[in-house]
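Asks: In case it helps, the working numbering puts the sequence shown at residues 83 to 360.
Positions of the beta carbon are idealized from the N, C-alpha and C atoms, including for glycine.
Pasting a structure below so you can have a look.
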Amino acid sequence: MNDIYTTALNAQKATNQWMDYLAENMTNVYTPGFRENKITFKTFLNGTVLENNIKNQDQGKSIPGTSNENLFFEGKGFFMLRSPEGSVSYTRLGEFTFDSEGVYRARNGNAVQGYILNDKGEIMSGTKSISADLYEETALKGGALSIPTTNIKLWIDPNNGKFLGKYDEYEIKGDGTIYGKADGGNRSVPLYKIATANFHNPNGLFDMGSGIFVETPESGKPVAGRGEIRSGLLEQANTDFKANIAHYREAQMQMELVNTLIKANKQLLQSAMEMATQ
Numbered sequence: 083m084n085d086i087y088t089t090a091l092n093a094q095k096a097t098n099q100w101m102d103y104l105a106e107n108m109t110n111v112y113t114p115g116f117r118e119n120k121i122t123f124k125t126f127l128n129g130t131v132l133e134n135n136i137k138n139q140d141q142g143k144s145i146p147g148t149s150n151e152n153l154f155f156e157g158k159g160f161f162m163l164r165s166p167e168g169s170v171s172y173t174r175l176g177e178f179t180f181d182s183e184g185v186y187r188a189r190n191g192n193a194v195q196g197y198i199l200n201d202k203g204e205i206m207s208g209t210k211s212i213s214a215d216l217y218e219e220t221a222l223k224g225g226a227l228s229i230p231t232t233n234i235k236l237w238i239d240p241n242n243g244k245f246l247g248k249y250d251e252y253e254i255k256g257d258g259t260i261y262g263k264a265d266g267g268n269r270s271v272p273l274y275k276i277a278t279a280n281f282h283n284p285n286g287l288f289d290m291g292s293g294i295f296v297e298t299p300e301s302g303k304p305v306a307g308r309g310e311i312r313s314g315l316l317e318q319a320n321t322d323f324k325a326n327i328a329h330y331r332e333a334q335m336q337m338e339l340v341n342t343l344i345k346a347n348k349q350l351l352q353s354a355m356e357m358a359t360q
């Protein structure tokens, strides 16, 4: 026969974890790029336990950013970031800005990754260009994303105040291409394509916190992301606030029942000990 007291304690622990994750969801409902916690449970012989906490990877709504440097990715995938040590991570939070040296960086300081383009808009791999057809074949159809990325840099020439010394401004188009613009906008030159990546199992990514994820054996290797990049916007948290409120009330009721059961078992144990000493 199962130990009712042990079962109740396990259920209490699982419910407490559930409430913590729900509270995190509701606290971050207005945090750009936040991924909602999705909880599942399983039952052992000695009670219910928390089985898994995965991140909801559904699309969040767009909200205005603080500048045109901010990006919103509408589609499947993540922006790619690289740390100074060379490690790669992934995020949906496009809260990017150009630093004083012109390097495009995320809020945590890691460099946003992209591909260098030639004047035809083709991705360059060393001295060779990668055709759009080859990019589709190797990346978008599930092949390894093996084309090298680079830090995006739009330094400003202090002598004339222009981007890369010759462009009056820049523009980020929906396909992720960054154009340098000159001659009052009459001349537009492709410079970089912002790199995006997706995974066969995005729920297998390891959550580093603050909207940053890293690859794991469970996620699989990255393939190219698919979607549209929109400048000047950010992705809102994808938390369903009403659903989380309802789940939190369910968790509270479950906690009350479990606590009542634990209290009753303690009282029974106390009564049994008192009878044994008489």
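Compare the C-alpha of Glu118 against each of Thr342, Ala325, Arg331, Met335 and name the closest.
Replies: Ala325
Asks: Are at least three pairs of beta-carbons, each pair with one atom in the segment 163-182 and one in the segment 291-311, less than 8 Å apart?
Replies: yes
Asks: Does Phe178 pass the burial test, meaning 16 or more other C-beta atoms within 10 Å, or should it be called exposed?
Replies: buried
Asks: Please identify the residue among Gly191, Asn242, Gly159, His329 whose C-alpha is closest to the C-alpha of Asn79.
Replies: Outside the modelled stretch of the chain, which goes from 83 to 360, sits residue 79, for which no answer is possible.
Asks: Considering just the uninterrupted stretch of the alpha helix (DSSP H) at Asp102, what are its terminal residues?
Replies: 86-109
Asks: According to DSSP, is Pro146 helix, strand or coil?
Replies: strand
Asks: According to the neighbour-count rule (16 or more other Cβ atoms, all chains shown, within 10 Å of its Cβ), is Ser315 buried or exposed?
Replies: The amino acid at residue 315 is misidentified as Ser; the sequence shows Leu. It counts as buried.
Asks: Along the chain, which unbroken stretches of the beta strand (DSSP E) at least 3 residues long are found entirely within the segment 158-201?
Replies: Listed in chain order, the beta strand (DSSP E) runs fully inside the segment 158-201 are 160-164, 170-173, 193-198, counting runs of at least 3 residues.
Asks: Is DSSP giving Tyr249 helix, strand or coil here?
Replies: strand
Asks: According to DSSP, is Gly286 part of a helix, a strand, or is it coil?
Replies: helix
Asks: What is the C-beta distance between Thr231 and Gly196, in whole angstroms, given that I count them as a contact (C-beta under 8 Å)?
Replies: 6 Å
Asks: Could you spell out the range, first to last residue, of the beta strand (DSSP E) harbouring Ser270?
Replies: 269-276
Asks: In three-state terms, what does DSSP make of Ser211?
Replies: strand
Asks: Run through DSSP, which three-state label would Arg117 get?
Replies: coil
Asks: Would you tell me roughly how many angstroms separate the C-alpha atoms of Leu91 and Ile121, rounded to the nearest one?
Replies: Answer to the nearest angstrom: the Cα atoms are 19 Å apart.
Asks: Nearest to Arg164 by CA position, among Gln318, Asn152, Asn190, Glu183, is which residue?
Replies: With respect to the C-alpha of Arg164, the residue from Gln318, Asn152, Asn190, Glu183 having the closest C-alpha is Asn190.
Asks: Does DSSP put Ser353 in a helix, in a strand, or in coil?
Replies: helix
Asks: Between the alpha carbons of Ile254 and Thr88, how many angstroms are there, rounded?
Replies: 58 Å
Asks: Taking 6 Å as the limit between beta carbons, can you name the residues of its chain near Tyr330, skipping five residues before and five after?
Replies: Leu104
Asks: Report the rounded CA-to-CA distance for Gly203 versus Asn285, giving the unit in angstroms.
Replies: 33 Å
Asks: For Gln139, which of helix, strand or coil comes out of DSSP?
Replies: coil
Asks: Assign Thr278 to one of two classes, buried (16 or more other C-beta atoms within 10 Å of its C-beta) or exposed (fewer than that).
Replies: buried
Asks: Spatial neighbours of Met206 within its chain, please: CB distance less than 6 Å, with the 5 preceding and 5 following residues excluded, ordered by chain position.
Replies: Ile198, Asn200
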